[in-house]
Ligand SMILES: [Zn+2]
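Numbering (the working numbering), first residue to last: 211 to 380.
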C-alpha cells in the first residue's frame with residue numbers, strides 16, 4: 211500500500227471528469243486500498259480518485275467515529291434524493307477551509323462494490339453530505355464552487371499564501 215499525493219484547489223486537474231470503471235480488476239482494488247490509506251492518514255472522512263489525479267469513478271468514505279467502517283463505491287450514482295440540509299464542509303483538497311453548503315438531506319446511491327456487485331446505500335445526515343461531496347468530485351467540482359465568487363477568491367489567496375509558506379520551509 212502507498213500514500214497518494216492529494217491535489218490542491220485550484221489545481222485544474224480537479225476539474226477533470228472521471229470515467230466509469232468497466233472492470234473491477236486488481237488495479238482498481240489497489241487504487242481503492244491506497245485511497246483508503248491516504249484518507250485515514252490525512253485524516254479525512256472521504257476521498258475521490260479525482261483528488262489523487264486518477265480520473266476513474268472511485269470514492270472511499272468512512273464517517274464512523276471509530277474509523278473502522280470503510281465504504282468503497284465504484285461508479286456511484288445518486289438515484290434518489292430528497293429534502294435539504296446545510297452542513298459545514300471541508301475537503302482534503304482545500305486544507306483549512308470550512309464553509310456551509312446546502313445539499314439534499316437524504317440520498318440513495320447505486321454503486322459497485324470491490325467484487326463488482328451492484329449495491330445501493332441509503333444515507334442521511336453526515337454520510338449523505340459526504341456521498342454528495344465525493345460524487346461531485348468525480349464530475350470535476352469542488353465544494354467551494356458552491357460559495358460566492360468573493361469567498362472563492364479569498365480562499366484561493368489564502369491557499370496560495372499557504373503554498374508559499376510550505377515551499378519556503380522545504
Ligand atoms: Zn473534497
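Quick reminder that beta carbons are idealized off the backbone N, C-alpha and C, glycines included. Small disclaimer: the values here were computed from a predicted structure and weren't measured.
Next on the checklist: Taking 7 Å as the cut-off, is the C-beta of residue 302 nearer than that to any heavy atom in ligand 1?
Outcome noted: As a position in the chain shown, residue 302 is number 92, starting the count at 1. Checking the Cβ of residue 302 against ligand 1 gives yes.
Item to check | CA-to-CA distance, residue 343 to residue 352, given in whole angstroms | outcome: Counting from 1 along the chain shown, the entry for residue 352 is found at position 142. Counting from 1 along the chain shown, the entry for residue 343 is found at position 133. Whole-angstrom Cα-Cα distance: 8 Å.
Checklist entry - Cβ-heavy atom distance between residue 356 and ligand 1 below 7 Å? => result For the purposes of this step, residue 356 is identified with residue 146 of the chain shown, where counting begins at 1. Flag unset: Cβ of residue 356 not near ligand 1.
Checklist entry - CB residue 328 to CB residue 320, shorter than 8 Å? => result In the chain shown, the residue the question calls residue 328 occupies position 118. In the chain shown, the residue the question calls residue 320 occupies position 110. Cβ atoms of residue 328 and residue 320: closer than 8 Å.
Checklist entry - To which residues of the same chain is residue 300 closer than 7 Å at the C-beta, ignoring the five residues directly before and after it? => result Mapped onto the chain shown, residue 300 falls at position 90. 307, 308, listed in sequence order.
Item to check | Buried/exposed call for residue 232, threshold 16 Cβ in 10 Å | outcome: One-based indexing of the chain shown puts residue 232 at position 22. Per the 10 Å Cβ criterion, exposed.
Next on the checklist: For residue 360 and residue 218, which I take to be in contact (beta-carbon distance under 8 Å), what is that distance rounded to the nearest angstrom?
Outcome noted: The sequence position of residue 360 within the chain shown is 150, counting from 1. The sequence position of residue 218 within the chain shown is 8, counting from 1. Actually they are not in contact, since the Cβ atoms of residue 360 and residue 218 sit about 20 Å apart, beyond 8 Å.
Checklist entry - DSSP three-state call for residue 372: helix, strand or coil? => result Residue 372 sits at position 162 when you count from the first residue of the chain shown. DSSP places residue 372 in helix when its eight states are reduced to three.
Next on the checklist: Taking the alpha carbon of residue 241 as the reference point, which residue from 213, 224, 255 has its own alpha carbon closest?
Outcome noted: Counting from 1 along the chain shown, the entry for residue 241 is found at position 31. Measuring from the Cα of residue 241, the nearest candidate turns out to be 213.
Item to check | 4 or more residues per run - each alpha helix (DSSP H) lying fully within the stretch 215-273 | outcome: Entirely contained in the stretch 215-273, the alpha helix (DSSP H) runs reaching 4 residues are, in chain order, 236-251.
Checklist entry - Cβ of residue 347 versus every heavy atom of ligand 1: is any distance shorter than 7 Å? => result To locate residue 347, count along the chain shown from 1; it is residue 137. Answer for residue 347: yes, Cβ within range of ligand 1.
Item to check | Buried versus exposed, by CB contacts within 10 Å (16 or more), residue 378 | outcome: For this step, residue 378 is matched to residue 168 along the chain shown. Exposed, by the Cβ-count rule.
Next on the checklist: With the cut-off set at 8 Å, would you say residue 318 and residue 332 are in Cβ contact?
Outcome noted: Taking the first residue of the chain shown as 1, we reach residue 318 at position 108. Taking the first residue of the chain shown as 1, we reach residue 332 at position 122. Yes, the Cβ-Cβ distance between residue 318 and residue 332 is below 8 Å.
Next on the checklist: Please report the distance separating the alpha-carbon of residue 367 from that of residue 225.
Outcome noted: Reading the chain shown from its first residue, position 157 is the one you call residue 367. Reading the chain shown from its first residue, position 15 is the one you call residue 225. Each residue's Cα considered, the two are about 19 Å apart.
Checklist entry - Can residue 343 be considered in contact with ligand 1, in the sense that its beta carbon sits closer than 7 Å to one or more heavy atoms? => result Within the chain shown, numbered from 1, the residue matching residue 343 stands at position 133. For residue 343, the shortest C-beta to heavy atom distance toward ligand 1 is below 7 Å.
Item to check | Beta-carbon proximity of residue 313 to residue 289, cut-off 8 Å | outcome: As a working note, residue 313 is residue 103 in the chain shown. As a working note, residue 289 is residue 79 in the chain shown. Contact flag unset, no.
Checklist entry - Measuring CA to CA, which of 322, 380, 282 is closest to residue 246? => result As a first step, residue 246 must be located in the chain shown, where it is residue number 36. Selected option, being the one with the closest Cα: 282.
Item to check | Option in 376, 324, 295 with minimal Cα separation from residue 268 | outcome: In the chain shown, the residue the question calls residue 268 occupies position 58. Of the listed residues, the one whose Cα sits closest to residue 268 is 324.
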